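Asker: For reference, the structure I am asking about is given below.
Protein chains: 2
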Amino acid sequence: MGPMSAGLRIDASPEQLAAVKYDANGLVPAIVQAHDTRQILMMAWMNAETLQLTFAEGRTVFWSRSRREVWRKGDTSGEVQHVREAYYDCDGDTLLFVVDQDGAGACHTGAYSCFFRSFGPVPVGDAP
Amino acid sequence: MGPMSAGLRIDASPEQLAAVKYDANGLVPAIVQAHDTRQILMMAWMNAETLQLTFAEGRTVFWSRSRREVWRKGDTSGEVQHVREAYYDCDGDTLLFVVDQDGAGACHTGAYSCFFRSFGPVPVGDAP
């Protein structure tokens, strides 16, 4: 999807918001999956504020644990993630966002997915 | 895939194992994705021991944070997850397992995926 694709603004109900369980640091893990390829792009963390920003802006907004600040994914890289679907799991402690990914991919390394390294023997000639 | 499908035993290299970063509780989140449908089934946690068990047995083995014990997924439910691919992310703090899921699904509720609830208005007639 191009950079102009609009993300879905979500009006979550109070019951849905109350179902989300944050850890001792006030964070919840958020898995991000590409809508078109169904590949897992990344996992990052949200707090209650950045979850609300994600819903309000229709794009993923995380909490950067290393920088300790709100992280609007793509603001510096251009790799914005436009929300198409948003889910919470059975016990409310993990979120899943299905997105249209702008740019080359989600990873700060330039890779399409952050999960570009597999465990086990690397076949001869396999790209890193 | 049927219950007899064999999972992949993985011989992870010392460098790969050293790249995995555990949190202050000695845990790392592990996303589980179905190989056939590419749907996200669940997320759970592993420690160094259950990651090694997963590699050795070719099926997902987690650390149950609530029960504080090794959790061989499917031992009581029959919903074993046979590993086909295993990845670690760019900063080594999240794992991804692509699996063949036995049984009806991954969720203790009986649902196929633990992410069966979406945020936002529920369409009339939508199944819970």
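Residue numbers (the numbering used here), protein chains in the order written: chain A, 635 to 762; chain B, 635 to 762. Ideal Cβ placement from N, Cα and C applies to all residues, glycine included. In this text, all values refer to a predicted model and were calculated from it rather than measured experimentally.
Going along chain A, which residues have a C-beta under 8 Å from THR743/B?
Answerer: Residues of chain A passing the Cβ test: CYS724.
Asker: Is the CB of ARG701/A under 8 Å away from at least one CB in chain B?
Answerer: No, its Cβ sits nowhere closer than 8 Å to a Cβ of chain B.
Asker: In whole angstroms, what is the alpha-carbon distance linking HIS669/B and LYS655/A?
Answerer: Each residue's alpha carbon lies about 28 Å from the other.
Asker: Three or more C-beta pairs under 8 Å: does that hold for the segment 709-719 of chain A against the segment 655-665 of chain B?
Answerer: At 8 Å Cβ cutoff, the stretches do not touch.
Asker: Kindly give me the distance between the Cβ atoms of PHE731/A and THR694/A, rounded to whole angstroms, as I take these residues to be in contact under 8 Å.
Answerer: So it is a contact: roughly 6 Å between Cβ atoms.
Asker: Kindly indicate if chain A contains any beta-carbon less than 8 Å away from that of ALA761/B.
Answerer: Note that ALA761/B has pLDDT 49, beneath the 50 cutoff, so the model's placement of it is unreliable and the number below is only indicative. False, the Cβ-Cβ gap to chain A never drops below 8 Å.
Asker: Could you check how far apart the C-beta atoms of VAL717/B and GLY692/B are, in whole angstroms? I think they sit under 8 Å.
Answerer: With a Cβ gap of about 5 Å, VAL717/B and GLY692/B count as contacting.
Asker: Rounded to a whole number of angstroms, what is the C-alpha to C-alpha distance between ALA664/B and MET677/B?
Answerer: Cα to Cα, ALA664/B sits roughly 6 Å from MET677/B.
Asker: For ASP760/B, which residues in the same chain have their Cβ closer than 6 Å to its Cβ, ignoring the five residues on either side in sequence?
Answerer: In this prediction, ASP760/B has a pLDDT of 49, which is less than 50 and means its spatial position is unreliable; what the coordinates show is noted afterwards. Result list for ASP760/B: empty, nothing under 6 Å.
Asker: Jot down the residue ranges of each uninterrupted beta strand (DSSP E) in the segment 664-735 of chain B, minimum 3 residues, whole runs only, in chain order.
Answerer: Runs of the beta strand (DSSP E) inside the segment 664-735 of chain B: 674-680, 695-698, 703-706, 715-722, 729-735.
Asker: Roughly how many angstroms lie between the CA atoms of PHE689/A and GLU713/B, to the nearest whole one?
Answerer: PHE689/A and GLU713/B: Cα-Cα distance of roughly 34 Å.
Asker: Is the beta carbon of CYS724/A sitting closer than 8 Å to the one on CYS741/B?
Answerer: The answer is yes: Cβ separation under 8 Å.
Asker: Select from ALA720/A, TRP679/A, PHE753/A the residue whose C-alpha is nearest the C-alpha of GLU719/B.
Answerer: Checked all of ALA720/A, TRP679/A, PHE753/A; the closest Cα to GLU719/B is PHE753/A.
Asker: Shorter than 7 Å, the distance from the beta carbon of ALA658/A to the closest heavy atom of the ligand FMN, or not?
Answerer: With respect to the ligand FMN, the structure shown offers nothing to examine, as it has no ligands at all.
Asker: Tell me where the alpha helix (DSSP H) around ALA740/A begins and ends.
Answerer: First-last for ALA740/A: undefined, no H or E at that position.
Asker: When burial is assigned at 16 or more other CB atoms within 10 Å of the CB, is THR743/B buried or exposed?
Answerer: So THR743/B counts as exposed.
Asker: Tell me where the alpha helix (DSSP H) around LEU661/A begins and ends.
Answerer: First-last for LEU661/A: undefined, no H or E at that position.
Asker: Quick check: is the beta carbon of GLN633/A nearer than 8 Å to any beta carbon in chain B?
Answerer: The structure shown has nothing for residue 633/A, since chain A only spans 635 to 762.
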